[in-house]
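Worksheet: the structure to be examined is printed underneath.
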Amino acid sequence: MVSDSIPFTDRLADGWRRSADAVWLAFVPVLTALFSVDKLASVAEMDGFHVGVNFLGFPSPAENVWQFVSTPQSGVVVDLTSSLSVLFVSFVVTTPLLGGYLGSVRRLLDDGETDLRFVDDALAYLAPMAVWVGVPTAATGALAVTTGGFRTVPGSGGLLPLVLLLFVAYVVLGYLFYAAPFLVALRETGLVDALRASYGLAVDGGPYAAYTLGYVLFVVVVSPFATLLVVNLGVLGLALGVPLGARLGLAATTATMRFLADVDDRSPTLRSWSNDRDDGNRDDGDRPLSDERREADALGDQPTEEAGVEGD
Numbered sequence: 025m026v027s028d029s030i031p032f033t034d035r036l037a038d039g040w041r042r043s044a045d046a047v048w049l050a051f052v053p054v055l056t057a058l059f060s061v062d063k064l065a066s067v068a069e070m071d072g073f074h075v076g077v078n079f080l081g082f083p084s085p086a087e088n089v090w091q092f093v094s095t096p097q098s099g100v101v102v103d104l105t106s107s108l109s110v111l112f113v114s115f116v117v118t119t120p121l122l123g124g125y126l127g128s129v130r131r132l133l134d135d136g137e138t139d140l141r142f143v144d145d146a147l148a149y150l151a152p153m154a155v156w157v158g159v160p161t162a163a164t165g166a167l168a169v170t171t172g173g174f175r176t177v178p179g180s181g182g183l184l185p186l187v188l189l190l191f192v193a194y195v196v197l198g199y200l201f202y203a204a205p206f207l208v209a210l211r212e213t214g215l216v217d218a219l220r221a222s223y224g225l226a227v228d229g230g231p232y233a234a235y236t237l238g239y240v241l242f243v244v245v246v247s248p249f250a251t252l253l254v255v256n257l258g259v260l261g262l263a264l265g266v267p268l269g270a271r272l273g274l275a276a277t278t279a280t281m282r283f284l285a286d287v288d289d290r291s292p293t294l295r296s297w298s299n300d301r302d303d304g305n306r307d308d309g310d311r312p313l314s315d316e317r318r319e320a321d322a323l324g325d326q327p328t329e330e331a332g333v334e335g336d
């Protein structure tokens with residue numbers, strides 16, 4: 025573990041550079057975005073002008089365009105049968121994709137592989153990801169049954185306590201456990217161990233809390249512009265926003281994976297991060313600087329009169 029003092033913006037920029045080596049992985053957040061049929065419909069049927077801010081965007085394992093967009097309350101309703109069908113297909117498709125996605129990002133950061141074992145990782149992490157995806161899917165399904173389907177309009181007054189309860193649960197659980205799926209891939213462990221580790225990091229605060237705050241502020245800054253593009257341009261906005269949001273989401277996921285590797289004692293140190301911090305302007309970043317540093321140290325140990333004769 026390294027002492028974390030890297031600004032969030034530097035981490036995000038690094039995540040963008042690293043993920044450029046496997047930009048094809050963005051197909052995962054593209055697919056997950058397409059399962060949000062209520063949001064797609066609300067944007068496609070938007071009539072008028074809309075701008076908004078997403079105030080509570082926590083890091084997630086497959087961040088897509090909806091992480092950065094505030095969708096309008098346009099009155100779109102997806103019937104119950106369609107809602108449950110979408111949830112089922114989303115669960116079946118997302119579960120293996122998530123394991124392959126996170127495993128590939130970890131390998132990319134670990135040794136810079138371009139030949140990533142997506143399918144192997146999808147199978148290796150299938151069980152923990154099934155639970156991680158399945159629990160919120162079941163909760164969403166129960167809510168859909170209660171409200172009669174997906175909808176983008178506020179529910180009746182009788183549902184207000186439920187909405188408030190879900191909001192509080194999202195904030196608390198989102199902060200405490202967002203690191204869990206990343207830690208499954210980093211530690212190559214089960215979900216229970218990853219949840220415990222995530223809880224420990226969250227309760228300790230420190231770098232974990234600072235990174236979370238940096239991420240939330242980043243989403244707050246980006247979301248008005250993303251919303252203007254995606255929502256107000258309708259179908260064209262979706263055609264542009266979904267892939268662009270997926271690319272940004274891949275960068276953010278890569279940054280979060282690297283951050284958690286830094287602060288978690290049982291996670292591997294990926295690609296000599298401490299050396300990267302001292303050489304943040306390098307784009308290759310693949311080779312540790314230990315040899316160069318030893319050469320510099322050797323020169324520095326020479327007598328001062330020799331050092332004054334010849335410099336680098």
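Numbering (the working numbering), first residue to last: 25 to 336. Ideal Cβ positions, reconstructed from N, Cα and C, are used throughout, including at glycine.
Residue i, buried or exposed, once every other Cβ within 10 Å from all chains shown has been counted against 16
i    : result
P178 : For P178, the pLDDT reaches just 49, beneath the cut-off of 50, and the residue's location in the model is therefore unreliable, although a value from the coordinates is still provided. Looking at its Cβ environment, which holds fewer than 16 other Cβ atoms inside 10 Å, P178 is exposed.
T118 : buried
L111 : buried
A279 : buried
L189 : exposed
F79  : exposed
Q97  : exposed
G158 : exposed
L184 : exposed
A285 : buried
A44  : exposed
L186 : exposed
P85  : buried
V227 : exposed
D139 : exposed
F92  : buried
Contact under 8 Å by Cβ, residue i with residue j
i    : j    : result
Y232 : L241 : no
L202 : P83  : Per the sequence shown, the amino acid found at residue 202 is Tyr instead of Leu. Going by C-beta atoms, Y202 is nearer than 8 Å to P83.
A162 : P120 : no
L372 : V129 : What the structure shows of the chain is the stretch from 25 to 336, and residue 372 is not part of that stretch, so it cannot be assessed.
L36  : A275 : yes
V77  : A57  : no
S66  : T105 : no
H74  : T251 : yes
V243 : G81  : yes
G261 : L268 : no
A151 : G127 : no
Own chain residues within Cβ distance below 7 Å of residue i, not counting five before or after
i    : result
V259 : A68
E87  : P53, G273, A276 and T277
L55  : V117 and L121
V143 : G124
L108 : G165 and A168
P160 : none
Same chain, Cβ closer than 6 Å to residue i, five either side skipped, listed in chain order
i    : result
A218 : A204, L207 and V208
A221 : L207
Inter-residue spacing [alpha-carbon to alpha-carbon] between residue i and residue j
i    : j    : result
A154 : S114 : 11 Å
R141 : G39  : 20 Å
R301 : L167 : Residue placement at R301 cannot be trusted, given a pLDDT of 49 that sits under 50; what the coordinates show is reported in the next sentence. About 45 Å.
N256 : V246 : 16 Å
P31  : V287 : 14 Å
D134 : V266 : 28 Å
L64  : S291 : 37 Å
G229 : L210 : 20 Å
Y125 : V47  : 11 Å
R282 : G165 : 33 Å
V61  : L215 : 28 Å
G72  : A270 : 26 Å
F59  : S29  : 37 Å
A234 : R131 : 26 Å
L34  : M70  : Note on residue identity: the sequence assigns Asp, not Leu, to residue 34. For D34 and M70, the distance between alpha carbons rounds to 36 Å.
L264 : D103 : 27 Å
F191 : E212 : 31 Å
A193 : G238 : 21 Å
W156 : T293 : 25 Å
L200 : F249 : 28 Å
Contacts around residue i, its chain only, beta-carbon distance under 8 Å, and the 5 residues preceding and following it disregarded
i   : result
F51 : A270
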